[in-house]
Amino acid sequence: MERWTGAEASALRQALRLSVRAFAEQELGVSVRTVSNWESRGADITPVTEMQRALDTALARADDDVQARFSRILDGGPGPQETGTLATAAEWEAMSQLNRRVLLKYGLVPLLGPHDAHPQALTSSGSPGPAPFTPAAPPAASWARPIFDAVLNPTDVVRRVASNASAGSRTESGDVAVLRQWAGAVLTAHLASDYAKLSTALPTLVGYVEAANMHANATAATVQPLLSDVYAVAAWSLIKADNSLGAWIAAQRAIQVAEQTDDVLRVAAATRCMSEVHMRAGNFAEATRTAFLATVQLDTAHPADRKTALCLRGAALLSAASASARRGDSREAYAALKAAAVCADELGEERSDLGNVFGPTNVAIHQVAVAVELGDRQGALRRIPSVKLDRMPAVLTERRARFLIDVARSQHDDQAALDALLQAERIAPHELREHRLTHELLRDLMSRERRSSDVRAIAGRCDLLN
């Protein structure tokens, strides 16, 4: 190329079939925000000389197919918006039978191993491949280490609670009721990103519920759903802490316990959680398949559970949309969003069944997030006004803060990005300060700020200055 602009850079990314993140970090070694800025400004921005050379190198080492696609896109072929827009929900339905065959072939394998199995990825043929997770090292986030330890060694936690003078050798129905209330409080802490409470309450709760399950006898049907719920919260917590292996083990246990009682709703909820585990590990194709699998599992839900099934199906579709966007598949991402919107329209409210947040507002939030992941910052900015945060229940502070992080990521102006981050910090400080996307954005902002700026103040609160 004689001169690269944002338009040509975007065409190369599409030709390589890479997500914005993969193109930025793996192909060019720049920040995601830099590439997003190129794509949003198109021909109006010219990358610096160093990036011109990097783009030349990326194009030169591309194979013939990539170079042919690149030429077609420059000649007026479809861009991300055209390929990513689905006209009607009918197309999703037309794809559903094919999707189900693929999902049932590839999506079940990682869920079937024993309790202590090491997680494995799937190759394109469906056979087990190398494990996508790092060895069983504790999470870097100190608040998550007690949760990680409880998941890896639940028998140790059971011994500790058994030594407590208040723990009896059997579980009365009243004890189960107390544990259920405790689990509800822990779930609320998760939805509010209250990491301090999760760190202290969740590991002990794992021990008490495991102990109750050992002695449940006639009340097993009551205790096992609770055990599945507790492990699901543990999995979500470890996802937040970027510990994919611990999250995988917890999600797998949540699935297995739910399967023992044929609890379709909890199997689907935990399967959706498993898809998020794969997403956090960077295994986006498996994350997409597993999320779609969760929607298939809900086909056998009882009609009386219609509202909960809609909530879980919609949440799984949002996970599928996010995973598809992160691997650069705009068509599948927008198809999943369209299907989720259909579920939200029927549901007509914001819900959080079994810890899965879904409703019209969360669909709108994900429309912004998906656009950001696909590098369509202008599209994200257009969608922001459609998000009505006042309709989101006040307790769901994690969703509010996460949306504002994406608002910050979509901004062209650094001050507007900082303002959105500060607003998110006021709503859910732990969510903002611990989130990897916050850290990524702040590092990008700090590369351009003055030492006395407010950017360094918030970076300090996120422990990014040491």
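full-length UniProt numbering applies: residue 1 is where the sequence shown begins, and numbers increase by one. We treat Cβ as the ideally placed atom computed from N, Cα and C, and that holds for glycine.
How about L312 and L293: do their beta carbons lie closer than 9 Å?
no
Just how far apart, CA to CA, sit Y334 and A11?
Y334 and A11 have their C-alpha atoms spaced approximately 19 Å apart.
Tell me the DSSP secondary structure of R351 in three-state form.
strand
In terms of residue numbering, what span does the alpha helix (DSSP H) encompassing V32 cover?
V32 to R41
Using 9 Å as the threshold, is the C-beta distance between A371 and G379 below it?
yes
Taking Q415 as the reference, give the member of L389, R382, K388 and I458 with the closest Cα.
I458
Given that a residue counts as buried once 16 or more other Cβ atoms are within 10 Å of its Cβ, and exposed if not, what is D444?
buried
Endpoints, alpha helix (DSSP H) assigned at A150
R145 to L152
For P225 and A177, what's the separation of their Cα atoms in angstroms?
13 Å
Whole beta strand (DSSP E) elements within the stretch 261-327, 3-residue minimum:
none
Limits of the alpha helix (DSSP H) - the one that L55 falls within:
T49 to A60
Quick check: the Cα distance between residue 477 and M446, rounded to an integer number of angstroms?
The chain is shown from 1 up to 466; residue 477 falls before or after that span and cannot be answered.
Using the Cα positions of Q67 and V20, report the straight-line distance between them to the nearest angstrom.
Put simply, the backbone Cα of Q67 is about 18 Å away from that of V20.
Express the C-alpha separation of A247 and R456 in angstroms, rounding to a whole number.
32 Å
8 Å Cβ shell around L205 - same chain, five flanking residues per side excluded:
L179, W182, A183, V186 and V230
State the Cα-Cα distance for the pair Q198 and E398, rounded to the nearest angstrom.
In the sequence on display, residue 198 carries Leu and not Gln. Whole-angstrom Cα-Cα distance: 14 Å.
M214 - containing alpha helix (DSSP H), residue span
Y195 to M214
Thinking C-beta only, is E39 closer than 9 Å to R13?
yes
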